[in-house]
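One structure below.
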Amino acid sequence: MAYRQNLVMAVALVFVGPSIALAKGNVEQGRAIAIECFACHGKDGNAPSTSNPKIGGQHERYLVLSLKEYKNGGRKESLMRGAVLKMTDQEIEDVAAYYAAQKNFAEAPAPKPGSAAAAKAAADKAAAPAGPAPTGPGAFRVDKVERKATFVALLAQAVEASKAAKPLKSDACPKVDASLATKDSDSDGVADAFDAAPENAAEFARDANGDGRFEICSIQQLQAIVSMGVGDGKKTSLTPDDRLKRNYELARDIDAAPLDNFVPIGSCGPDDNCMMARGKYGFMGVFDGRNHVIRNLKISLPQRGGVGLFGVLGETGVVMNLSVENASIEGRSGTGIMVGANMGTVYKTHAKGTVKAGLAVGGSVGGNSGLVAMSTAEGGVTAQQAAGGLVGDMTGGVVSSSADVTVSGNRALGGLVGLSTFGMVFDSSASGPVKGTSDLGGLVGMNTDGTVNNSFSTASVIGETSNIGGLVGFNSLSVVRNSYATGAVSGADTVGGLVGRNNGVIRRSYAAASVKGESNSGSLVGITVDGEEKSSFAPGAPADLKTLEAEKSGWAPKVNISHDMLDFYCDRNFSGAIEPSERTAQNYIWKFDKSAMPPSLRCGVSAN
């Protein structure tokens, strides 16, 4: 709830806003709803990070009006909008009532020396229980086992879909007759030169090999998934919904240069609101690139959300085995080269190019509530908030993926993921530099209620203010396990070689980087607020990690592992369990080579 505390606007809204009969806010109901806000704003409204305002004890009506402004779009480019968009007006009333009922919105001034208030404060302090204050994060509120099982199921589904492809026939892509590039015999909006059925207005592609996937042979034919039947006098009985539910495969490399501004496949709907429409207007089928490349893709839609080759990928949608190179993508929010807003599965893809937008911006995927697996990105990302080298903003998962992307902007920026809320990152890495203002991480910028397992960053991170970390900038009610960072880190306050500000759990993780901060800086963690670090340390220099022993790290113990085996071994068959044959030293997620580099990953595309 990054508020612009504009009380004048709040007062104005009181007088001009519509009168709606609502029950008075219920504090207890508000607490149940506000649980998802605790990671950023604290249980009592006193945020664990100075990047987020203290809202405990704030005026109830001001909170209501502020939340409604986020929901109604008055503050579109905000990390808050996604959190409140699906709240009912009554739920907003309840949340506001809960936080308004909390104390300590503002720091009380220190009592005057010698006064009665000062004497009482001294007495209260003397009467306080002896011993250290209780520490440790609050209980995690996500069933991580269930979520991981969901991601494993999505990955297994993509693997099976990949196996279903049949060999292409030699005539899958007939030679293009340039003289037909301006002729449209069936008036379906697809030029005959690129129409697989030029005399049939109900079709534009064909399934020559009978595998249930229609072959795509040109950028014009790919664009027809969206544009068929569009334009004066153009018509087709093959509806947009039908086309978005089909399966397709790329029959050869294609050049997108002939189209100056490609229209994304799948959208956020007529209201251009992906958060409300979800995947309703997205691509729902399977798109198999068959390891082909789309080059020179250009999209410039700065006023639109859900921008990418696939603007929106629905829950059943799969994009796989595809590379997009030399891309230039510009959107408003939910913007990435491969997918703008992903609710499905992105598997074995590579994205290379530049991406520019305001919010939820990624080198491959902008917003991700699904799964991105075994995918890579390289290039540059420029945004205001929630931007990452691979994924911008996510509640989903990233598995066995990597990014070498220069990420620049303002807040919540990461070398791999910008903002992860309830998200999970496994077996992944980042190497591109990250530069911005606050909440910056070499791997993840803001990790709230999330998980980072078996991952690393070599990215340099340069921040202007607070919460700057070599791996994670702000780690709140989240877990970082079996991970490391080696990139140089600099900022003003709360700067750490591994994590800038920790309000979560860090286990068996290491940092080896130069750290520069004006205050609250540390070689491992800048500052800990009700968090904990176990079996973690900063050896002093990147070279020290080269000699990190498997046994000492805790990542590859010699003793037999009987629990949490997915934290130690590669799941080669994507079954969601480690089979007896996979429980070998040669199948540990981490590979150690003392004579070369720091530990590297064996699983997925990050493997060496």
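Per the working numbering, the very first residue in the sequence shown carries number 16; after that it's consecutive.
We put the beta carbon where it would ideally sit given N, CA and C, even for glycine.
Figure out for me which residue from the options has the closest Cα to the Cα of residue i.
{"i": "K39", "options": "A47, G72, V110", "result": "V110"}
{"i": "K249", "options": "D275, C618, D199", "result": "D199"}
{"i": "G488", "options": "A193, L312, R426, A527", "result": "R426"}
{"i": "H578", "options": "T331, I593, Y296", "result": "I593"}
{"i": "G349", "options": "A600, V241, G378", "result": "G378"}
{"i": "E495", "options": "S443, G447, L428", "result": "Reading the sequence as shown, one finds Val at residue 495 and not Glu. Minimum Cα distance to V495 is reached at S443."}
{"i": "S529", "options": "V476, W570, R522", "result": "V476"}
{"i": "S10", "options": "R162, L486, G244, L265", "result": "Outside the modelled stretch of the chain, which goes from 16 to 623, sits residue 10, for which no answer is possible."}
{"i": "A600", "options": "G373, K181, A571", "result": "A571"}
{"i": "E264", "options": "G478, A474, L337, S536", "result": "L337"}
{"i": "A356", "options": "I309, K295, E393", "result": "K295"}
{"i": "D207", "options": "V459, P189, V42, R46", "result": "P189"}
{"i": "I314", "options": "T452, G297, R293, I280", "result": "I280"}
{"i": "V327", "options": "A196, L316, R293", "result": "R293"}
{"i": "Q117", "options": "L82, E43, I107", "result": "E43"}
Going by beta carbon distance, what residues of the same chain come within less than 6 Å of residue i, once the five residues before and after it are set aside?
{"i": "F589", "result": "L170, A171, V174"}
{"i": "A121", "result": "Because the pLDDT at A121 is just 45, under 50, the model does not fix this residue reliably, and the value given afterwards should be weighed accordingly. Taken in chain order, the list of residues that qualify is empty."}
{"i": "K606", "result": "S615, R617"}
{"i": "P613", "result": "L560, K561"}
{"i": "L515", "result": "Per the sequence presented here, residue 515 reads as Gly, with Leu not at that position. Only N482, I483, G484, G488, T509, G541 meet the Cβ criterion."}
{"i": "E218", "result": "A212"}
{"i": "V396", "result": "V370, V376, G378, A402, V420, V422"}
{"i": "G320", "result": "C283, D287, C289, R347, S348, G349"}
{"i": "G412", "result": "F166, L386, M439"}
{"i": "Q235", "result": "F209"}
{"i": "T473", "result": "S446, T501, G502"}
Should residue i be labelled buried (16 or more other beta-carbon atoms within 10 Å of its own) or exposed?
{"i": "T410", "result": "buried"}
{"i": "G146", "result": "Note that G146 has pLDDT 35, beneath the 50 cutoff, so the model's placement of it is unreliable and no number is given."}
{"i": "E533", "result": "exposed"}
{"i": "H365", "result": "buried"}
{"i": "T103", "result": "exposed"}
{"i": "N306", "result": "exposed"}
{"i": "N468", "result": "buried"}
{"i": "I604", "result": "buried"}
{"i": "G619", "result": "buried"}
{"i": "K367", "result": "buried"}
{"i": "A142", "result": "For A142, the predicted structure reports a pLDDT of 40, less than 50, and the residue's modelled location is therefore unreliable. A value from the coordinates is still provided. By the neighbour-count rule (16 or more Cβ atoms within 10 Å), A142 is not buried but exposed."}
{"i": "M291", "result": "exposed"}
{"i": "A272", "result": "exposed"}
{"i": "E161", "result": "exposed"}
{"i": "Q318", "result": "exposed"}
{"i": "N276", "result": "exposed"}
{"i": "N575", "result": "exposed"}
{"i": "T251", "result": "buried"}
{"i": "A239", "result": "buried"}
{"i": "D586", "result": "buried"}
{"i": "D454", "result": "buried"}
{"i": "A342", "result": "buried"}
{"i": "G543", "result": "Reading off the sequence shown, one finds Thr at residue 543, where the question assumed Gly. T543 is buried by the Cβ-count criterion."}
My guess is that residue i and residue j are in contact by the Cβ rule of under 8 Å, so how many angstroms apart are they, rounded?
{"i": "A115", "j": "E75", "result": "4 Å"}
{"i": "G506", "j": "S481", "result": "7 Å"}
{"i": "V432", "j": "G438", "result": "7 Å"}
{"i": "D270", "j": "N311", "result": "6 Å"}
{"i": "D408", "j": "A418", "result": "Actually they do not touch by this definition, with Cβ atoms about 15 Å apart."}
{"i": "A388", "j": "S416", "result": "7 Å"}
{"i": "A526", "j": "A503", "result": "Not a contact, Cβ separation roughly 11 Å."}
{"i": "S524", "j": "S551", "result": "5 Å"}
{"i": "A220", "j": "F229", "result": "4 Å"}
{"i": "G430", "j": "G404", "result": "5 Å"}
Are the C-beta atoms of residue i and some chain D residue less than 9 Å apart?
{"i": "R228", "result": "Absent here is chain D; the protein component of the structure consists of one chain."}
Grab me the residues of residue i's own chain with a C-beta within less than 8 Å of its C-beta, minus the 5 sequence neighbours each way, in chain order.
{"i": "M335", "result": "A173, A176, S177, V301, F302, D303, G304, T360, V361, Y362, K363, T364"}
{"i": "A138", "result": "Any reading at A138 is ruled out, since the residue's pLDDT is 49, under 50, leaving its predicted position unreliable."}
{"i": "G246", "result": "G204"}
{"i": "D226", "result": "A179, A180, K181, E264"}
{"i": "A164", "result": "G591"}
{"i": "L563", "result": "Y525, P554, F607, P613, P614"}
For residue i, which residues from the same chain have a beta carbon less than 7 Å from its beta carbon, with the 5 sequence-adjacent residues on both sides left out?
{"i": "S242", "result": "G204, V278"}
{"i": "M299", "result": "L259, K260, G329, T331, G332"}
{"i": "V308", "result": "D268, S338, E340"}
{"i": "A148", "result": "Model confidence at A148 stands at a pLDDT of 36, short of 50, so the residue's coordinates are unreliable and nothing is read from them."}
{"i": "G394", "result": "K367, G368, T369, G378, V420"}
Original post:
Which runs of the alpha helix (DSSP H) spanning at least 4 residues fall entirely within the stretch 489-542, listed in chain order?
Top reply: none
Original post:
Mind pulling the beta strand (DSSP E) runs of 3 or more residues that sit fully within the stretch 366-452?
Top reply: Here the runs fully enclosed are 374-377, 380-383, 386-388, 391-397, 400-403, 406-409, 412-414, 417-423, 426-429, 432-436, 439-441, 449-451.
Subject >> Runs of alpha helix (DSSP H) wholly within the stretch 262-303 (minimum 4 residues, chain order) >> reply: Taken in chain order, the whole alpha helix (DSSP H) runs of length 4 or more contained in the stretch 262-303 are 289-292.
Subject >> Segments assigned beta strand (DSSP E), at least 3 residues, entirely inside the stretch 198-262 >> reply: 229-231
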